[in-house]
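Chemist: My questions all concern the structure below.
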Amino acid sequence: MKRVSLTQHLVEEQRLHNTIPAELRLLIEVVARACKRISYEVSKGALGDILGSADTENIQGEVQKKLDVISNEILLEANEWGGHLAAMASEEMESIHPIPNRYPKGEYMLLFDPLDGSSNIDVNVSIGTIFSVLKAPEGMDEPTEGAFLQPGTAQVAAGYAVYGPQTMLVLTTGDGVHCFTLDREMGSWVLTQSNMQIPASTKEFAINMSNKRHWHPPVQRYVDEMLAGKTGARGKDFNMRWIASMVADVHRILNRGGVFMYPADMRDPAQPGKLRLMYEANPMAMIVEQAGGAATDGVNRIMEIAPAKLHQRVPVFLGSKEEVELVTRYHTEQ
Ligand code: AHG
Ligand code: MN
Ligand code: MN
């Protein structure tokens, strides 16, 4: 097999499509290197000081795990000095992180969920890192929080790393979705899948069923019809999977189709869903759309939502196109 490294892939993409200027390439390579480091920490498990709680709370009111904090630090440190960024924002930090004055500033802004799937860290189940790249408004080298509030359609790149049996990096710069596998001996990312495509139809869904009693009627209807199987309205049997790490669930869907849902429910109208628009929904929506799938909040295309605040939460329905269209229709029909 001819091995194509991440660097070679990025250079060739730039030649072909002119979508990855040198600064963006540096950004992606630095993020990928940070993910390598996180993967290394993850793999140490109980042999490193990485498991368990950090005994602190993040801005979302969630108790932070040690690995949430470590991964956040790794990403901040790696991305500060390169001169490619104007600022960063993270799920784990209340406000944005400006680039320290001792470093030059660049035109990009990086947003991340440093460690996705925190509940799985201590039980050796796949977890990941999600990131999204925006451009700073023209001429603004010290962006404010407001500069980050751009819709997902403005993303110039998005990706995730999944720390599973293999460590993989899935990336889009707006020209399809490509997957790299970490060669641990060589320490390099090797292109292992180009132009990933999500099958348009599927027999698999992913949702946390324990919240069923709180769901709104369109979600109840959609899931009930799948559960009814062959003799029900859908006329086919469905299978269910829920890993509780969005990266791992989305990675399965990218490979063999499926629909992933984290709906809003009737518990707290002030908290529409669990997942965060800027660090989870937007980057995953870009990846899924680039792979031929769809992503909505039940009504609107996720990438067209105008964000009102950095840590905003949104309902998420994404994956195989026909299923996302159906559950979205059920929301608009009622
Ligand atoms: P995070 O670990 O970054 O807080 O994200 C966890 C998210 C997402 O990865 C996953 O799909 C979902 O929360 C799991 O939610 P449940 O605990 O309701 O299963
Ligand atoms: Mn997450
Ligand atoms: Mn997280």
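FYI, the numbering for the sequence shown is 103 to 436, going by our numbering. Built from N, CA and C at the ideal position, the CB exists for glycine as well.
Return the residue from the list A148, R358, R139, R343 that minimises the CA-CA distance to E175.
Modeler: Comparing Cα-Cα distances from E175 to each of A148, R358, R139, R343, the minimum goes to R139.
Chemist: State the DSSP-derived secondary structure class of M190, mapped to helix, strand or coil.
Modeler: strand
Chemist: Please list, in chain order, all residues with a C-beta atom less than 7 angstroms from at least one heavy atom of ligand 3.
Modeler: D170, E193, E194, D215, P216, L217, D218, S220
Chemist: Let me make sure I understand the geometry here. Which of V426, N310, D339 has the alpha-carbon closest to that of K376?
Modeler: N310
Chemist: Report whether the distance from the Cβ of E143 to the nearest heavy atom of ligand 2 is below 6 angstroms.
Modeler: no
Chemist: Just to check, is the beta-carbon of E382 closer than 6 angstroms to a non-hydrogen atom of ligand 2?
Modeler: Residue side-chain check: E382 places its Cβ nearer than 6 angstroms to a non-hydrogen atom of ligand 2.
Chemist: For I229, does the count of other Cβ atoms within 10 angstroms reach 16, so buried, or fall short, so exposed?
Modeler: buried
Chemist: Would you say the beta carbon of S107 is closer than 6 angstroms to some non-hydrogen atom of ligand 1?
Modeler: no
Chemist: Any heavy atom of ligand 1 closer than 6 angstroms to the Cβ of A346?
Modeler: yes
Chemist: Between N160 and ligand 1, is the CB less than 6 angstroms from at least one heavy atom?
Modeler: no
Chemist: Check Y262 in the structure and name its three-state DSSP category.
Modeler: Strand, per DSSP.
Chemist: In three-state DSSP terms, what is Q110?
Modeler: Helix, per DSSP.
Chemist: In terms of residue numbering, what span does the alpha helix (DSSP H) encompassing Y142 cover?
Modeler: 124-146
Chemist: Taking a contact to mean a Cβ-Cβ separation below 7 angstroms, would you say Y142 touches P320 in this structure?
Modeler: No, they are not a contact pair.
Chemist: Could you round the C-beta distance between I300 and I355 to whole angstroms and report it? I think they count as a contact, below 8 angstroms.
Modeler: I300 to I355, Cβ: 6 angstroms. Contact.
Chemist: Return no unless some Cβ of chain C is closer than 7 angstroms to the Cβ of S192.
Modeler: In the structure shown, chain C cannot be found, because there is only a single protein chain.
Chemist: Could you name the residues of the same chain whose beta carbon sits closer than 7 angstroms to that of P206, not counting the 5 residues immediately before and after it, in chain order?
Modeler: G185
Chemist: On the DSSP letters alone, give me the boundaries of the alpha helix (DSSP H) that S173 sits inside.
Modeler: 168-182
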